[in-house]
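Student: The C-terminal position of the sequence shown is numbered 332 in our numbering, with every residue numbered one higher than the one before it.
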Amino acid sequence: MPRFSLPKFSLIVLSYQSGSYLERCIEALKAQSGDYEIILADNGSTDGAPQAVLARHPDVRFVDNGGNLGFAKGMNQAARHAQGQWLCFINPDVFVHATWLAQMAVAIGTHSDTRIFTSLQLDPQDQTILDGAGDGMTWFGFPYRMGYRAPKPPHIPVSEVFSPCGAAFVIERSLFESLGGFYERFFIYCEDADLGYRARLTGERTLLVPDAKVDHIGSATLGARSDFALYYGYRNRLWLYLKNTPAPVMWLTALPHLLLSLCIAAKDVLKGRGKVVARALRDAVSGLGPVLNDRRHVQRTRRLPAVGLLRQLTWSPRLIGRRGLDLRKPK
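#1: Hey, how far is the Cα of HIS298 from the Cα of MET147?
#2: Measure the Cβ-Cβ separation of PRO315 and TRP140 and say whether it is below 8 angstroms.
#3: Can you check whether the CB of TYR232 is closer than 8 angstroms to the CB of HIS258?
#4: Per the DSSP calculation, LYS214 is bridged to which residue(s)?
#5: Taking the continuous beta strand (DSSP E) assigned at TYR37, which residues delimit it?
#6: Could you spell out where the alpha helix (DSSP H) holding TYR198 opens and where it closes?
#7: Classify TRP240 as buried or exposed, calling it buried when 16 or more other Cβ atoms lie within 10 Å of its own Cβ.
#8: Measure the C-alpha to C-alpha separation of ALA108 and GLY137 and round it to an integer number of angstroms.
#9: Is it buried or exposed for ASP1, if we count other Cβ within 10 angstroms and need 16 for buried?
#10: With DSSP collapsed to three states, give me the class of PRO318.
#11: Using only the alpha-carbon positions, how far apart do ALA73 and PHE183 sit?
#12: Per DSSP, what are the beta-bridge partners of THR207 in this structure?
#13: Out of ASP43, VAL61 and THR302, which has the shortest C-alpha to C-alpha gap to GLY204?
#14: Does the beta-carbon distance from ARG116 to ILE130 come in below 8 angstroms?
#15: Any idea if ASN92 is buried or exposed, counting beta-carbon neighbours within 10 angstroms, 16 or more meaning buried?
#16: Report, in whole angstroms, the separation of the C-beta atoms of ASP216 and LEU123, which I expect to be a contact under 8 angstroms.
#17: If you run the structure through DSSP and keep just helix, strand and coil, what is LEU282?
#18: The alpha helix (DSSP H) that contains LEU30, what's its start and end?
#19: In chain order, what residues of the same chain have a beta carbon less than 8 angstroms from the beta carbon of PRO318, not counting five sequence neighbours either side?
#20: Do LYS214 and SER120 have their C-beta atoms within less than 8 angstroms of each other?
#21: DSSP has CYS89 in a bridge; who is on the other side?
#22: Between the beta-carbon of MET15 and the beta-carbon of GLY67, is there less than 8 angstroms?
#23: Measuring straight from C-alpha to C-alpha, what distance separates ALA114 and GLY197?
#24: In the DSSP assignment, find the unbroken beta strand (DSSP E) run with GLY71 in it and report its ends.
#25: Would you report the Cα separation of GLY219 and ARG81, rounded to the nearest angstrom?
#26: Could you tell me whether the Cβ atoms of LEU88 and ILE172 are closer together than 8 angstroms?
#27: Can you tell me whether MET138 is helix, strand or coil according to DSSP?
#28: Mark THR47 as exposed unless 16 or more other C-beta atoms lie within 10 angstroms of its C-beta, in which case mark it buried.
#29: Determine which residues share a DSSP beta bridge with ARG62 and list them.
Structure, rendered in structure tokens:
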């Protein structure tokens with residue numbers, strides 16, 4: 002039947018050589034209850050997976066990005082086709098649990114002052130192991146996925162986290178648009194931390210919804226430590242720090258950020274990855290001009306005081322060392 006009203010949620014999946022994971026991802030989304038549409042955008046896959054999904058699910062809206070635009074630009078392009086008030090960004094290797102959307106809807110209704118919500122991510126093979134519980138930001142400017150590969154605590158309350166994990170999160174459409182969407186210069190990696198960082202600087206917050214569970218395979222397409230992932234991780238982490246960190250915070254953290262970056266780089270060089278690291282750092286420095294131009298806008302629109310940001314960073318060496326859960330009670 003034709004739809005005469007706009008959906009509340011737009012569930013957006015971006016595929017690229019996603020194989021059999023894509024069908025399972027879409028089927029899990031179609032099993033949700035609520036008022037939603039599903040948008041499948043594709044970045045030029047040649048594996049036939051998007052076509053197979055559309056043949057089985059003709060009600061899924063399809064956006065052909067025409068080539069590999071990367072995660073940031075690909076998702077931005079898909080979001081322009083969305084009709085929902087709330088945008089739900091979901092990786093193709095994520096399988097939402099049966100009540101995922103319903104739990105997100107409850108959280109949205111309960112926390113009317115919040116416009117970003119992130120999922121509790123579990124290991125598909127072992128539901129007692131976390132894949133992640135939102136993203137944290139260390140005091141020296143490194144984002145990290147909290148709780149990665151840690152045992153799942155018996156109870157996790159609804160909590161404030163620094164930023165959402167891009168595997169599966171929900172953001173109000175108007176906020177996403179006002180932020181300019183994902184930062185397309187990144188191409189891929191760190192774009193979720195960047196979006197959450199920019200939102201936080203404007204006075205927004207992100208809540209972890211522990212009952213909104215997903216299974217996440219992680220790096221199913223690209224590989225966790227491939228040369229591709231290593232390159233964009235190094236380059237984008239530096240850009241993330243330089244673009245978003247307010248000057249007073251940078252004065253305190255720039256030297257530790259630099260020294261720790263060099264230490265990590267040295268380890269990868271000793272592992273034979275020196276060419277990739279060198280290329281990433283070279284391109285990070287040579288591409289700084291546009292990033293610093295964009296920094297001016299970020300800092301000009303900042304509403305969060307520097308001292309407020311410092312309070313929201315992860316300072317505990319114990320938590321940082323083991324990717325621990327730095328969960329804050331919502332105020």
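Yeah, the Cβ is synthetic: ideal placement off N, Cα and C, and Gly gets one too.
This one's a predicted model, so the numbers in the text were calculated from it and none came from an experiment.
Tutor: In short, the structure shows the following:
#1: 29 angstroms
#2: Note on identity: in this sequence residue 315 is Thr, with Pro being the wrong assignment. Result yes, Cβ atoms of THR315 and TRP140 sit closer than 8 angstroms.
#3: no
#4: LEU121
#5: 37-43
#6: 192-202
#7: buried
#8: 20 angstroms
#9: Here the chain covers residues 2 to 332 and nothing more, so residue 1 does not appear.
#10: helix
#11: 5 angstroms
#12: ILE117 and VAL162
#13: THR302
#14: no
#15: buried
#16: 5 angstroms
#17: helix
#18: 21-31
#19: none
#20: yes
#21: LEU12 and VAL171
#22: Note on residue identity: the sequence assigns Leu, not Met, to residue 15. No. Outside cutoff.
#23: A quick correction: the sequence has Asp, not Ala, at residue 114. For ASP114 and GLY197, the distance between alpha carbons rounds to 16 angstroms.
#24: From DSSP, GLY71 is part of no beta strand (DSSP E) but of the alpha helix (DSSP H) over 71-80.
#25: 26 angstroms
#26: yes
#27: strand
#28: exposed
#29: ILE40
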